[in-house]
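J.:
Residue numbers (this note's numbering): 100 to 373.
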């Protein structure tokens with residue numbers, strides 16, 4: 100009775116080499132002639148297949164090809180991202196465009212001034228030289244000023260880093276990872292300063308880690324930050340979260356979430372709502 104045999108080589112059959120002969124238990128090596136049971140794809144040395152009368156799994160069929168390597172599917176637990184702040188690329192692009200416009204108009208102004216100095220026949224040559232020598236200094240000052248402006252804009256817009264990612268078991272803040280087990284809690288602070296005009300006061304998130312207070316200014320206020328508030332309420336199942344706010348609507352929103360989730364969350368406000 101005929102059956103299919105295969106001579107192994109290291110280039111195409113590395114996934115077979117090293118397996119054990121299903122009869123003797125001997126390791127399969129390069130240049131061995133092997134047989135594969137068509138039912139279970141077990142591998143046999145040619146001699147072993149003949150020793151068992153060319154039969155396995157109650158049948159005698161063999162594979163006419165070498166089985167391909169099984170793809171190992173790596174199953175990973177998908178982490179649940181509750182909330183994140185992404186880099187504000189739109190605002191950063193607007194800052195860059197603004198700086199280019201400033202550079203263009205400042206350069207244009209310098210050219211106009213230089214032209215007027217050169218064409219003014221009533222101006223002494225000494226004064227012309229002094230005026231023209233100041234123009235490069237003016238341009239250098241503009242360039243350095245805009246460079247610092249762009250640098251601050253890049254930092255403010257968090258370009259190139261992850262400003263904030265909240266998970267059930269950790270937080271990533273400015274590309275640094277902190278486990279909740281290392282933290283003593285979070286504080287959400289909204290407009291609690293005593294300044295009368297609060298339009299420019301940023302909301303802030305503070306994280307207490309290893310006797311250190313980490314904080315980040317939040318890009319939006321109520322009612323545009325309801326997603327963050329909701330996720331913080333959910334997060335309080337895993338870590339202590341305190342809310343500080345003197346916004347009545349924001350307070351009521353958080354209070355309703357607290358009742359729905361029935362969790363231990365502290366809501367505090369700077370002044371009573373009358």
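Virtual Cβ for every residue (Gly too), placed ideally from N, Cα, C. In this text, all values refer to a predicted model and were calculated from it rather than measured experimentally.
Spell out the partners DSSP gives residue 344 in its beta bridges.
T.: DSSP, once it has assigned bridges, lists 289 as partnering residue 344.
J.: Once DSSP output is grouped into helix, strand and coil, what is the label at residue 203?
T.: Three-state result, residue 203: helix.
J.: Buried or exposed for residue 321, please, with buried defined as at least 16 other CB atoms from any protein chain shown within 10 angstroms of its CB.
T.: With 16 or more other Cβ atoms within 10 Å, it is buried.
J.: On the CB-based measure, 16 or more other CB atoms within 10 Å of its CB, does residue 135 come out buried or exposed?
T.: Classification of residue 135: buried, given that the 10 Å Cβ count is 16 or more.
J.: In chain order, what are the residue ranges of uninterrupted alpha helix (DSSP H) at least 4 long that sit wholly in the segment 187-265?
T.: Fully enclosed alpha helix (DSSP H) runs of 4 or longer: 188-218, 224-255.
J.: Exposed or buried, which one is residue 272 when buried takes at least 16 other CB atoms within 10 Å?
T.: That one is buried.
J.: So the beta strand (DSSP E) residue 314 belongs to, where does it begin and stop?
T.: Unbroken beta strand (DSSP E) run through residue 314: 311-317.
J.: Specify, as a first and last residue, the run of the beta strand (DSSP E) that residue 142 falls within.
T.: First-last of the beta strand (DSSP E) with residue 142: 142-144.
J.: From 339, 143, 268, 302, pick the residue whose C-alpha is nearest to that of residue 345; which is it?
T.: For the residues 339, 143, 268, 302, the minimum Cα distance to residue 345 belongs to 302.
J.: Mapping DSSP to helix, strand and coil, what is residue 434?
T.: Here the chain has residues from 100 to 373 only, and residue 434 is not among them.
J.: Find the nearest neighbour of residue 184 within the set 206, 354, 218, 319, judged by alpha-carbon distance.
T.: Residue 319 is the option with its Cα nearest to residue 184.
J.: With respect to the beta strand (DSSP E) encompassing residue 180, which residues constitute its N-terminal and C-terminal limits?
T.: Note, residue 180: beta strand (DSSP E), 180-184.
J.: Beta-carbon within less than 8 angstroms of residue 295's beta-carbon, same chain only, minus the 5 sequence neighbours each way: which residues are those?
T.: Residue confidence is low: residue 295 scores 44 on pLDDT, short of 50, so the model does not pin down where it sits. No coordinate-derived value is stated.
J.: Look at the alpha carbon of residue 187 and the alpha carbon of residue 325, and state the distance between them as a whole number of angstroms.
T.: Distance between the alpha carbons of residue 187 and residue 325 is about 19 angstroms.
J.: In its own chain, which residues sit with a C-beta less than 7 angstroms from the C-beta of residue 252, not counting the 5 before and 5 after it?
T.: For residue 252, where only same-chain residues beyond five positions count, the Cβ hits under 7 angstroms are 191, 194.
J.: Between the C-alpha atoms of residue 257 and residue 165, what's the straight-line distance to the nearest angstrom?
T.: Approximately 54 angstroms between the Cα atoms of the pair.
J.: Taking the continuous beta strand (DSSP E) assigned at residue 269, which residues delimit it?
T.: Element bounds for residue 269: 269-272.
J.: For residue 349, count the other beta carbons within 10 Å of its own beta carbon; 16 or more makes it buried, fewer makes it exposed. Which is it?
T.: Buried, since its Cβ has 16 or more Cβ neighbours within 10 Å.
J.: What number of angstroms, rounded off, separates the C-alpha of residue 101 from the C-alpha of residue 141?
T.: Taking the straight line joining both Cα atoms gives about 18 angstroms.
J.: Closer than 6 angstroms by C-beta to residue 339: which residues in its own chain qualify, once you throw out the five before and the five after it? Chain order, please.
T.: Answer for residue 339: 284, listed in chain order.
J.: Between residue 277 and residue 308, how many whole angstroms is the CB-CB distance? I'm expecting something under 8 angstroms.
T.: Right, the Cβ-Cβ distance comes to about 5 angstroms (below 8 angstroms), so this counts as a contact.
J.: Tell me which same chain residues have a C-beta within less than 8 angstroms of the C-beta of residue 139, skipping the five on either side of it?
T.: If we look at residue 139 and ignore the five residues flanking it on each side, its Cβ neighbours are 155, 156.
J.: Alpha carbon to alpha carbon, how far is residue 181 from residue 261? Give it in angstroms, no decimals.
T.: Residue 261 and residue 181: Cα-Cα distance of roughly 14 angstroms.
J.: Assuming the contact rule is C-beta atoms closer than 8 angstroms, residue 105 and residue 133 should be a hit. Round their C-beta distance to whole Å, please.
T.: Sure, about 6 angstroms apart at Cβ, within 8 angstroms.
J.: Measuring alpha carbon to alpha carbon, tell me which of 245, 216, 352, 120 ends up nearest residue 233.
T.: Answer by Cα proximity: 216.
J.: At which residues does the alpha helix (DSSP H) containing residue 332 begin and terminate?
T.: First-last of the alpha helix (DSSP H) with residue 332: 325-334.
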